[in-house]
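>
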Amino acid sequence: MKPNGAREGLNRILTLIDCGPNFNPFSTTELKSPKYRFPIDGAEFSDGRPANLSRRLLIVKISAIQKDKTSVVLKGARLLFIAESEIVQMFRLSAPREDTRNLPINQRTSRKTGSARTLDERFIKILKIFKWGPDAEKALEVLKLRVDHRLVREVLNIDVAINVKMQFFKWAGKRRHFEHDSTTYMTLICCLADSGMFGDMWKMIQEMVRQSVVIDPKDLSEVVRLLGKAKMVNKALSLFYQVKGRKCKPTASTYNSIILMLMQENHPDKVYDLYSEMCNEGNCFPDTVTYSALMSAFSKLGHHNAAIRLFDEMKENGFHPNAKIYTTLLGIHFRDGNVEKALDLVAEMKTKGCAPTVYTYTELIRGLAKAGKVEEAYGIYKDMLKQGCNPDVVLINNVINILGKVGRLADARKVFEEMKSFNCEPNVVTYNTMIKALFDSKTSPHEAFSLFEKMKENGIIPSSFTYSILIDGFCKTNRVEKALLLLEEMDEKGFPPCPAAYCSLINTLGKAKRYEAANELFQELRENCGSSSSRVYAVMIKNLGKVGRLTEAKDLFNEIKKVNSVPDVYAYNALMSAMVRAGSIDEAYSLMRNMEENGCVADVNSHNIILNGLAKSGGPQRAMVMFEKMKGSKVQPDGVTYNTLLGCLSHAGMFEEAAKLMREMKSCGFEYDVITYSSILEAVGKVDVDSIH
1 MKPNGAREGL
11 NRILTLIDCG
21 PNFNPFSTTE
31 LKSPKYRFPI
41 DGAEFSDGRP
51 ANLSRRLLIV
61 KISAIQKDKT
71 SVVLKGARLL
81 FIAESEIVQM
91 FRLSAPREDT
101 RNLPINQRTS
111 RKTGSARTLD
121 ERFIKILKIF
131 KWGPDAEKAL
141 EVLKLRVDHR
151 LVREVLNIDV
161 AINVKMQFFK
171 WAGKRRHFEH
181 DSTTYMTLIC
191 CLADSGMFGD
201 MWKMIQEMVR
211 QSVVIDPKDL
221 SEVVRLLGKA
231 KMVNKALSLF
241 YQVKGRKCKP
251 TASTYNSIIL
261 MLMQENHPDK
271 VYDLYSEMCN
281 EGNCFPDTVT
291 YSALMSAFSK
301 LGHHNAAIRL
311 FDEMKENGFH
321 PNAKIYTTLL
331 GIHFRDGNVE
341 KALDLVAEMK
351 TKGCAPTVYT
361 YTELIRGLAK
371 AGKVEEAYGI
381 YKDMLKQGCN
391 PDVVLINNVI
401 NILGKVGRLA
411 DARKVFEEMK
421 SFNCEPNVVT
431 YNTMIKALFD
441 SKTSPHEAFS
451 LFEKMKENGI
461 IPSSFTYSIL
471 IDGFCKTNRV
481 EKALLLLEEM
491 DEKGFPPCPA
501 AYCSLINTLG
511 KAKRYEAANE
521 LFQELRENCG
531 SSSSRVYAVM
541 IKNLGKVGRL
551 TEAKDLFNEI
561 KKVNSVPDVY
571 AYNALMSAMV
581 RAGSIDEAYS
591 LMRNMEENGC
601 VADVNSHNII
611 LNGLAKSGGP
621 QRAMVMFEKM
631 KGSKVQPDGV
641 TYNTLLGCLS
651 HAGMFEEAAK
661 LMREMKSCGF
671 EYDVITYSSI
681 LEAVGKVDVD
691 SIH
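Be aware that the sequence shown starts at 1, since it is given in full-length UniProt numbering, and climbs by one per residue.
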C-alpha cells in the first residue's frame, strides 16, 4: 500500500516507528519482521509493525535496507527531511465521527471548540517531538495557524523545556502582522523566573522596555516582585523609575511591591524615601500593607518613635492594624523597656477583635523574659494553649530556652515532651536548647548525651553548634577526654573546625595545667582553619601568661591583627593579666589606654586586673585614683574591685581607708566574702573594729 505523504524517487525514507524503552537511537539496531518489506526505491512497502517494539515514538532515517527484505537496519540520526504532506498527515485534525454527521446541528460539538482543543494538542506534539530547530519551525509554518497573543500565551504555558519556549517566543515575534504585547512578555518572564533563569529573565524585561511595550501598574508590580525574588534590588529600582518616567502611574500596590522587596532584601534605609515619594504622587495613598512594611523598616533601623507615629497615623486615617503590625509595635515597646505599654497594646489588640497570632505570642513571651518576668512569660504560654492557639517550633524553642536559663528544668522538660501533642516536631535548635538546659542545671552529663543520641535516632542531624554545646558541657564537668572524642567525631562527620568548641577545650586544659595539650589544640585549629576568633586567642594568651611566657603571649596578640581580626576586650584582658603576672604593671596600664584609643571599651575586669597589679606592687595611691575614676564612669566597681582595693590598702597599712571602703562596700549592696574577711582580719587590732560596721 502507498504510505500517506510518500513521494516517488525519494532518496531518504522517513517514518514514525514505535520503539521499545531500551531502544538507543544512536546505535545501529536491527528490526526483523517478515511483515516489513521496504523496496529499495522507497515507493511502496507493506503495512505492519514488529511485535516487540512499542511505547516510544521516535523519528528515524532508514539508512540501509538488506536485500533479503526480511529485515531492515535503522540508524538513529538527526532529522534531515520531512515532506509537508507528511507533517499535515501527522498532525491533521480528526475527521468527524460517522455517528455525529447525521446529528442535528445543535447537537454537534462545536467545530471551533474542537479545533481549539486539537490545536493545543498539535502544538504539544510538535514541540515535544521536534524540540526546536528548522524542522519545528517548518512544522509550525506548514500548519498555517494564525499566531495571536492568546495562542502565544497558551503555548508558553505548555509543559516543555524552557529553551523551547524561548525559541518559540522569538519565532512568533517574527510572524507577519504580529507583535508581542505585555501579556506575552510577562508570560515568558514568569516562566523564566520559575525556571530560575534570572539572567535571561532580566534580558527579557529589558527587551520589553526597549520595544516600548505598554506596561501597566499591575505588570510593573509583578516584575518588581520577581526581581526582588532574584535579589536584583538595584535593577528593580532602576526599572521602576524608568517605567514611571514613561507615564506609567504606579499604584499603592506597585509601591508596596517595592517596599516589601526592600524589606526582604534588608534595605530598610531606602523605604522612607519611597514612602515620601508615594505620598507626593497625589493619587496614591498608603494602605495597611504600606504601614506594616514601613513600621517594620523603622523598627529595624531603630527609629522607634517614627514607627509609633505611623501606628497612630494609620488609625487616624481609618485603617485597622492587623496582627503583624501589633506584633511589630510590641517588639518596639519591649526593646525600649516599656513593658507596661507592651501589655496595654496586647489588651488593645484583644479589645479590637484582633486575635494574637503565634508570632505575637512569641514576641510577647520573649519580651517578658528579657525584662526578667519569666513567670509572666510562662503564664502567657499556658494561657495561649488554653485559648486554642497551638505553638510552633520557634515559640517552643524560646520557652525552653527561657526556662532553662533560670534553672527551671522540670518545666522545660514538660514543654519539650508536650510538643508532639501539638503536631510540632522538635528540630535541631530544640535539641540544642534542651541539651544546654540539662548542662546548665548541673544534671548528669549522661542525660544530656542520651538526648543527643535520641536526637540522632529521630533523624535530626546534629549541627556544629550541637557539638559545641556538648564539648563545652563536658569540659565544665571535667570530662575532657569525652569532649576530645566529640571533637574527633565532629571532624569525622566533616564539620569545619568550630572555634567555640576549641575554645572550651583549650580553656579547660589550661585550668588543668595541661598547657602543652592546650597548645597542640590551638596549633591544630590554626592549621585547619587558617585563622581563629579573637576569643580563642584570648584563652591561649591567658594560658601562656600563667606559665610566664609573656613574649609568646605578645606575639599571639599581635597575630590577631594579622589574621584580619580585631582584638576584643577578652584578648586585651588576657594580655594585661599576663603583663601583671610578669610584674609589668606600667606596660599593662599603657595597654589599657591603648585599648580605649582603639575603640575597645574596657570592662570591669580590665580595671580589676590593673588594680590587682597596683595592689601587688604596693601602689595604693594610683589604685585609689583609678577607683574614683571608675565610680564616675559607666564601668561601676563590683565585689572583686572592692576586695582588690581592700587588699591593696591593707598591705599598705592604710587601715582607716580600708575601714571606710568596707562601709562603702556594704552600703552599695555588696556582701562580705572570704576575701573581704581576710582583709578585715589583717586590719583587726590596728583599727577600732566598730569603725568597720
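Backbone N, C-alpha and C define an ideal beta-carbon position, used for all residues, glycine too. Quantities reported herein were computed from a predicted structural model and do not represent experimental measurements.
Since L438 contacts I471 with CB under 8 Å, what's their CB separation in whole angstroms?
Taking the first residue of the sequence shown as position 1, residue 438 is located at position 438. Taking the first residue of the sequence shown as position 1, residue 471 is located at position 471. Not quite, the Cβ-Cβ distance comes to about 14 Å (not below 8 Å), so this is no contact.
> Out of curiosity, what's the CA-to-CA distance linking A193 and S606?
For the purposes of this step, residue 193 is identified with residue 193 of the sequence shown, where counting begins at 1. For the purposes of this step, residue 606 is identified with residue 606 of the sequence shown, where counting begins at 1. When rounded, the distance between both Cα atoms is 55 Å.
> Taking the straight line between their C-alpha atoms, what separation do you get for P496 and I205?
As a working note, residue 496 is residue 496 in the sequence shown. As a working note, residue 205 is residue 205 in the sequence shown. Looking at the two C-alpha atoms, the distance is approximately 41 Å.
> Relative to the C-alpha of A448, which residue among L409, V289 and M419 is closest?
Reading the sequence shown from its first residue, position 448 is the one you call residue 448. Comparing Cα-Cα distances from A448 to each of L409, V289 and M419, the minimum goes to L409.
> Taking A236 and M261 to be in contact with their CB atoms under 8 Å, please state how far apart those CB atoms are, rounded to whole angstroms.
Counting from one through the sequence shown, the residue named residue 236 turns up at place 236. Counting from one through the sequence shown, the residue named residue 261 turns up at place 261. With a Cβ gap of about 6 Å, A236 and M261 count as contacting.
> Give me the Cβ distance between V536 and C498, rounded to the nearest whole Å; I'm assuming they're in contact under 8 Å.
Position 536 of the sequence shown holds residue 536. Position 498 of the sequence shown holds residue 498. Contact between V536 and C498 is absent: CB atoms are separated by about 10 Å, not below the 8 Å threshold.
> If you check the beta carbons only, do V358 and C389 fall under 8 Å apart?
Residue 358 sits at position 358 when you count from the first residue of the sequence shown. Residue 389 sits at position 389 when you count from the first residue of the sequence shown. In this structure, C389 lies closer than 8 Å to V358 by Cβ.
> Taking the alpha-carbon positions, what's the K631 to C424 distance?
Along the sequence shown, read from residue 1 onward, the residue named residue 631 stands at position 631. Along the sequence shown, read from residue 1 onward, the residue named residue 424 stands at position 424. Those two C-alpha atoms are separated by around 51 Å.
> Report the rounded CA-to-CA distance for Y515 versus E492, giving the unit in angstroms.
Here residue 515 refers to the residue found at position 515 of the sequence shown. Here residue 492 refers to the residue found at position 492 of the sequence shown. As the crow flies, the alpha-carbon of Y515 is around 25 Å from that of E492.
> With DSSP run on the structure shown, which of helix, strand or coil describes H446?
Working through the sequence shown from its first residue, we reach residue 446 at position 446. Looking at H446 - three-state DSSP - the assignment turns out to be helix.
> By the 10 Å Cβ neighbour count, where 16 or more other Cβ atoms means buried, how is R366 classified, buried or exposed?
Stepping through the sequence shown from its first residue, residue 366 is reached at position 366. When all chains shown are included, R366 counts as buried.
> Go to F522, then tell me how far its alpha helix (DSSP H) extends in each direction, as first and last residue.
Position 522 of the sequence shown, counted from the start, is the residue given in the question as residue 522. Element bounds for F522: Y515 to C529.
> Could you tell me if S221 is buried or exposed, where buried requires 16 or more neighbouring beta carbons within 10 angstroms of its beta carbon?
The count along the sequence shown starts at 1 and reaches residue 221 at position 221. Buried is the call here.
> Helix, strand or coil for R176 per DSSP?
Start at 1 with the first residue of the sequence shown, and residue 176 comes out as number 176. The answer is coil: DSSP assigns R176 none of H, G, I, E or B.
> According to DSSP, is L403 part of a helix, a strand, or is it coil?
Along the sequence shown, read from residue 1 onward, the residue named residue 403 stands at position 403. Looking at L403 - three-state DSSP - the assignment turns out to be helix.
> Can you give the Cα-Cα distance for R663 and V547, rounded to whole angstroms?
Position 663 of the sequence shown holds residue 663. Position 547 of the sequence shown holds residue 547. Cα-Cα distance, rounded: 37 Å.
> What number of angstroms, rounded off, separates the C-alpha of T477 from the C-alpha of A652?
On the sequence shown, position 477 is the one that residue 477 refers to. On the sequence shown, position 652 is the one that residue 652 refers to. One C-alpha to the other measures close to 40 Å.
> What are the complete alpha helix (DSSP H) segments, minimum 4 residues, inside the stretch 143-214?
149-156, 162-173, 182-194 and 198-210
> Can I560 and A571 be called in contact, C-beta distance under 8 Å?
Within the sequence shown, the letter at position 560 stands for residue 560. Within the sequence shown, the letter at position 571 stands for residue 571. In this structure, A571 lies closer than 8 Å to I560 by Cβ.
> According to DSSP, simplified to helix, strand and coil, what is S464?
The residue labelled residue 464 in the question sits at position 464 within the sequence shown. Here S464 sits in helix by DSSP.
> Mind checking F334: buried by the 16 CB within 10 Å criterion, or exposed?
Here the question's residue 334 lines up with position 334 in the sequence shown. With 16 or more other Cβ atoms from the protein chains shown falling within 10 Å of its own Cβ, F334 counts as buried.
> How far does the alpha helix (DSSP H) with K229 in it reach, from first residue to last?
Here residue 229 is taken as the residue at index 229 of the sequence shown, counted from 1. P217 to K229 is the span of the alpha helix (DSSP H), which, as asked, contains K229.
> So N458 and V429 are in contact, right, with Cβ under 8 Å, and what is the actual spacing, rounded?
To locate residue 458, count along the sequence shown from 1; it is residue 458. To locate residue 429, count along the sequence shown from 1; it is residue 429. Not a contact, Cβ separation roughly 14 Å.
> When you compare only the Cα positions, how much space is there between A371 and M295?
Stepping through the sequence shown from its first residue, residue 371 is reached at position 371. Stepping through the sequence shown from its first residue, residue 295 is reached at position 295. Their Cα atoms are separated by approximately 23 Å.
> Where are the beta strand (DSSP E) runs, 3 residues long or more, that stay fully inside the stretch 627-677, in chain order?
none
> Note down the Cα distance separating S33 from L145, rounded to an integer number of angstroms.
Counted from its first residue, the sequence shown places residue 33 at position 33. Counted from its first residue, the sequence shown places residue 145 at position 145. Confidence is the limiting factor: at S33 the pLDDT is only 37, short of 50, which leaves the residue's position unreliable and the question unanswerable from this model.
> What would DSSP say about P426, mapped onto helix, strand or coil?
Counted from its first residue, the sequence shown places residue 426 at position 426. P426 falls in the coil class under three-state DSSP.
> Would you report the Cα separation of N528 and M595, rounded to the nearest angstrom?
By one-based count along the sequence shown, residue 528 stands at place 528. By one-based count along the sequence shown, residue 595 stands at place 595. Distance between the alpha carbons of N528 and M595: 30 Å.
> Within a Cβ cutoff of 8 Å, which residues of the same chain sit near S617, ignoring the five residues on either side of it in sequence?
Reading the sequence shown from its first residue, position 617 is the one you call residue 617. Cβ neighbours of S617 beyond the five flanking positions: G583 and I585.
> How close, in whole Å, do the beta carbons of D287 and F319 come, if the pair is a contact with beta carbons under 8 Å?
As a first step, residue 287 is located in the sequence shown; it is residue number 287 there, counting from the start. As a first step, residue 319 is located in the sequence shown; it is residue number 319 there, counting from the start. F319 and D287 do touch by the CB rule: their CB atoms are close to 7 Å apart, below 8 Å.
> Determine the contact status of V635 and V604, defining contact as a CB-CB distance below 8 Å.
Taking the first residue of the sequence shown as position 1, residue 635 is located at position 635. Taking the first residue of the sequence shown as position 1, residue 604 is located at position 604. Taking 8 Å as the Cβ cut-off, V635 and V604 qualify as a contacting pair.
> Enumerate in chain order the residues of its own chain whose CB-to-CB distance from Y672 is below 8 Å, with the five nearest sequence positions on each side excluded.
As a working note, residue 672 is residue 672 in the sequence shown. Within the same chain, Y672 has close Cβ partners M662, M665, K666 and I680.
> Between I259 and V271, which are expected to be in contact by the criterion C-beta below 8 Å, what is the C-beta distance as a whole number of angstroms?
In the sequence shown, counting from the first residue as 1, residue 259 sits at position 259. In the sequence shown, counting from the first residue as 1, residue 271 sits at position 271. Confirmed, about 6 Å.
> Taking 7 Å as the limit between beta carbons, can you name the residues of its chain near K165, skipping five residues before and five after?
Position 165 of the sequence shown holds residue 165. For K165, where only same-chain residues beyond five positions count, the Cβ hits under 7 Å are L156, L188 and C191.
> Under 8 Å, Cβ to Cβ, is there at least one residue of chain B near T466?
Considering every chain present, this structure includes no chain B. It has just one protein chain.
> Looking only at its own chain, which residues have a Cβ that is under 8 Å from the Cβ of residue 713, when we skip the five neighbours before and after it?
Absent from the structure is residue 713, since the part of the chain shown begins at 1 and ends at 693.
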